[in-house]
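Colleague:
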Amino acid sequence: MSATLSAPVGARSRRGGLARLNPLTPAALLLLLGASVSFVLDVAALVGLHAWLLVVLAAGLRAGPAELLRAHLTFAPFALGVLMTNAVSRPGRVLAEVGPLLVTDDGVRVGAALALRVLVVAVPAVVVARRSDATRLVVALVQHCRVRPRAGFAVLTAHRMLAEMPQRWRLLLSSARSRAPLDRRGRPRIGARGYARAALALLVGGIRRGNHVADALDVRGIGAPVRTSRRQEPFRRTDGVVAAVVVVGALLAALGARLMGG
Amino acid sequence: MSALRARWRTRDLVLVVVLGVTFGFLYWVLVQAWVGLSVLAGPFGDLTQHVLLGGWLLVAPLAVAITRRPGSGVVAEVMASVVEVVFLGSPVGPMLLVAALLQGAGSELPFALTRYRRFTWGVYALSGALGAFLVFWFTAVRAGWFGSDLLLLRLGLQVASGLLLGGLLARVLVQVLRRTGVLDSFAIARADASAPARA
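Note that the protein sequences, when read in sequence, are chains B and Z. Per numbering that gives the first Met the number 0, the very first residue in the first sequence carries number 0; after that it's consecutive. Per numbering that gives the first Met the number 0, the very first residue in the second sequence carries number 0; after that it's consecutive.
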């Protein structure tokens with residue numbers, strides 16, 4: 000959890016490969032990956048694709064084995080859940096009986112593909128997100144995607160708030176704990192009500208701060224129709240080359256694995 | 000209606016974004032709970048998520064009810080999903096953006112049909128149910144649920160959850176927030192002031 004949450008601060012020192020790209024390039028590639036993978040149910044192709052993506056992450060973004068392993072483990076329970084439910088809830092040739100449940104070959108095949116899909120999409124997203132700079136991304140969105148500056152600044156505000164949110168959440172929970180009644184073993188019990196209260200406090204505090212920020216933005220004329228920007232995020236030739244290499248490699252890996260896997 | 004066409008104030012914009020982010024974070028907390036639940040439930044883990052699904056629809060009716068701006072629900076829902084995907088790394092991945100777009104549109108439609116004037120229990124309930132209903136088909140296609148034995152059960156669970164957690168709960172939450180006073184400068188307060196009898 001906190002590995003991905005605290006990342007924007009820690010990632011600064013090893014942003015490496017992404018620093019030379021327009022921040023929209025990796026974002027667009029991730030979107031493309033998510034969209035295209037949605038139509039793939041072939042286990043071999045997904046394995047090939049995933050292998051290629053790991054190579055890209057390791058070589059291009061210098062993601063170490065420990066980081067990649069952690070990213071996989073984060074999503075493993077979810078992937079496993081998808082696999083298990085699908086294995087016992089689909090028609091097909093019966094492979095095994097587990098109590099009242101029938102494990103079918105179709106179920107296992109589709110479940111494995113869906114579980115793999117989770118990893119294929121999520122692991123690169125986490126690794127890229129840890130290396131991304133939110134300010135650069137917003138500037139690029141304003142310059143290339145016609146996002147209005149006011150909206151861009153609102154999003155940046157939100158991003159800053161998000162970075163502090165786990166800390167505020169922990170603070171609210173510990174204050175709830177200090178007020179909560181003790182259970183039999185002497186530990187404070189927050190209960191569902193306590194969590195609900197903390198969530199509401201998080202929301203109310205956020206809205207209040209949002210109001211202050213909005214007034215501050217207005218005072219500084221952020222909503223003015225014409226603005227110039229000190230920062231520039233142009234597309235360079237590197238962006239095109241990187242995108243082409245990643246996409247062509249992904250296609251070759253997926254097709255190759257599919258042919259080899261039969 | 001000129002009030003509907005008026006330019007968004009910065010406060011509205013920031014509020015919608017803040018709502019999106021806060022709920023993005025809370026959704027993520029919910030995901031942790033749900034992963035735990037699905038591991039506990041073993042092979043039916045996938046099903047337990049349907050019970051909590053409505054929680055994902057909460058932010059859209061909230062944004063619409065407070066700002067009364069067309070599109071605010073969709074924007075808030077998409078923001079929440081951006082937070083989940085980009086910053087917290089949701090297991091569902093970038094296609095969550097499309098799901099969020101559908102959810103937001105579904106949740107906002109009932110309010111739009113009343114031209115953002117009626118905010119009764121019924122409209123909220125419809126909002127949650129419709130959001131869940133729309134996104135269900137998208138998820139069903141992606142996850143290949145057609146042909147699975149559980150299709151109708153999944154649909155029923157999700158719509159019920161949407162109605163309760165994504166609809167009625169939103170109205171409760173709006174009223175609680177209203178009482179804290181943080182919404183006093185928004186359209187919801189002006190609407191209450193002009194028609195105090197219809198709460």
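Cβ atoms here follow ideal geometry from the backbone N, Cα and C, with glycine treated the same way. Quantities reported herein were computed from a predicted structural model and do not represent experimental measurements.
(1) Return the residue from the list B:255, B:260 and B:17 that minimises the CA-CA distance to residue 133 (chain B).
(2) Quick check on the DSSP output: what are the complete alpha helix (DSSP H) runs of length 4 or more inside the stretch 149-197 of chain Z, in order along the chain?
(3) Could one say the Cβ of residue 135 (chain Z) lies closer than 7 Å to chain B's Cβ atoms, at least one of them?
(4) Kindly say whether residue 210 (chain B), judged by its beta-carbon, lies nearer than 7 Å to any beta-carbon of chain Z.
(5) Rounding to the nearest angstrom, what Cα-Cα distance links residue 12 (chain Z) and residue 169 (chain Z) in this structure?
(6) Could you tell me whether the Cβ of residue 10 (chain Z) comes closer than 7 Å to any Cβ of chain B?
(7) Could you pull out every residue in the same chain whose Cβ sits closer than 8 Å to the Cβ of residue 168 (chain B), ignoring the five residues on either side in sequence?
(8) Is it buried or exposed for residue 46 (chain B), if we count other Cβ within 10 angstroms and need 16 for buried?
(9) Is the stretch 61-78 of chain Z in contact with the stretch 103-115 of chain Z, if contact means three or more CB pairs nearer than 8 Å?
(10) Any beta carbon of chain B sitting closer than 7 Å to that of residue 173 (chain Z)?
(11) Answer yes or no: does any C-beta atom of chain B fall closer than 7 Å to that of residue 151 (chain Z)?
(12) Is the stretch 99-118 of chain B in contact with the stretch 156-173 of chain B, if contact means three or more CB pairs nearer than 8 Å?
(13) Thinking C-alpha only, which one of B:139, B:32, B:206 and B:219 is nearest residue 116 (chain B)?
(14) Residues of chain Z with CB under 7 Å from residue 222 (chain B), in chain order?
(15) Can you pull the chain Z neighbours of residue 114 (chain B), defined as C-beta to C-beta under 7 Å?
(16) Taking the beta carbon of residue 145 (chain Z) as the centre, do at least 16 other beta carbons fall within 10 Å, making it buried, or is it exposed?
(17) Would you identify the three-state DSSP class for residue 96 (chain B), choosing helix, strand or coil?
(18) Roughly how many angstroms lie between the CA atoms of residue 17 (chain Z) and residue 205 (chain B), to the nearest whole one?
(19) Roughly how many angstroms lie between the CA atoms of residue 263 (chain B) and residue 60 (chain B), to the nearest whole one?
(20) Quick one: give me the first and last residue of the alpha helix (DSSP H) that residue 68 (chain B) is part of.
(21) Less than 7 Å between the beta carbons of residue 105 (chain Z) and residue 72 (chain Z), yes or no?
(22) Give the residues from the stretch 151-165 of chain B that approach chain Z closer than 7 Å (Cβ to any Cβ), ordered along the chain.
(23) From residue 89 (chain B) to residue 157 (chain Z), what distance separates their C-alpha atoms?
(24) Which residues, taken in chain order from the stretch 60-93 of chain B, show a beta carbon closer than 9 Å to some beta carbon of chain Z?
(25) For the putative contact between residue 160 (chain Z) and residue 50 (chain Z), defined by C-beta atoms under 8 Å, what is the C-beta separation to the nearest angstrom?
(26) For the stretch 31-63 of chain B, which residues have a beta carbon sitting closer than 7 Å to at least one beta carbon of chain Z?
(27) Taking 7 Å as the threshold (C-beta atoms), are residue 128 (chain Z) and residue 167 (chain Z) in contact?
(28) Taking DSSP as the reference, what is the three-state secondary structure of residue 227 (chain B)?
(29) Locate the alpha helix (DSSP H) running through residue 32 (chain B), then write down its first and last residues.
(30) Measuring only the C-alpha atoms, how far is residue 172 (chain B) from residue 164 (chain Z)?
(31) Near residue 221 (chain B), what residues of its chain come up, given a Cβ to Cβ distance below 7 Å and the 5 sequence neighbours on each side ignored?
(32) With distances taken Cα to Cα, identify the nearest neighbour of residue 192 (chain B) among B:184, B:176, B:53 and B:186.
(33) For residue 9 (chain Z), tell me which candidate among Z:111, Z:193, Z:186 and Z:191 has the shortest Cα-Cα distance.
(34) May I ask you to list the residues that DSSP assigns as paired with residue 101 (chain B)?
(35) Between residue 241 (chain B) and the rest of its own chain, which residues show a CB-CB distance below 8 Å, the 5 nearest in sequence each way excluded?
(36) Mind checking which residues open and close the alpha helix (DSSP H) that includes residue 110 (chain Z)?
Modeller: Quick look at the numbers:
(1) B:17
(2) 150-160, 168-179 and 186-193
(3) no
(4) yes
(5) 20 Å
(6) yes
(7) 197 and 201
(8) buried
(9) yes
(10) no
(11) no
(12) no
(13) B:32
(14) 9
(15) None at all; the shortest Cβ gap to chain Z is about 10 Å.
(16) exposed
(17) strand
(18) 7 Å
(19) A question about residue 263 (chain B) goes unanswered here, because the residues of chain B that appear run from 0 up to 261.
(20) 64-87
(21) no
(22) 153, 154, 156, 157, 160, 161 and 164
(23) 20 Å
(24) 70, 73, 74, 76, 77, 78, 79, 80, 81, 83, 84, 85, 86, 87, 88, 89 and 90
(25) 6 Å
(26) 33, 34, 37 and 40
(27) no
(28) coil
(29) 23-36
(30) 23 Å
(31) 148, 149 and 152
(32) B:176
(33) Z:186
(34) B:96
(35) 20, 24 and 59
(36) 95-112
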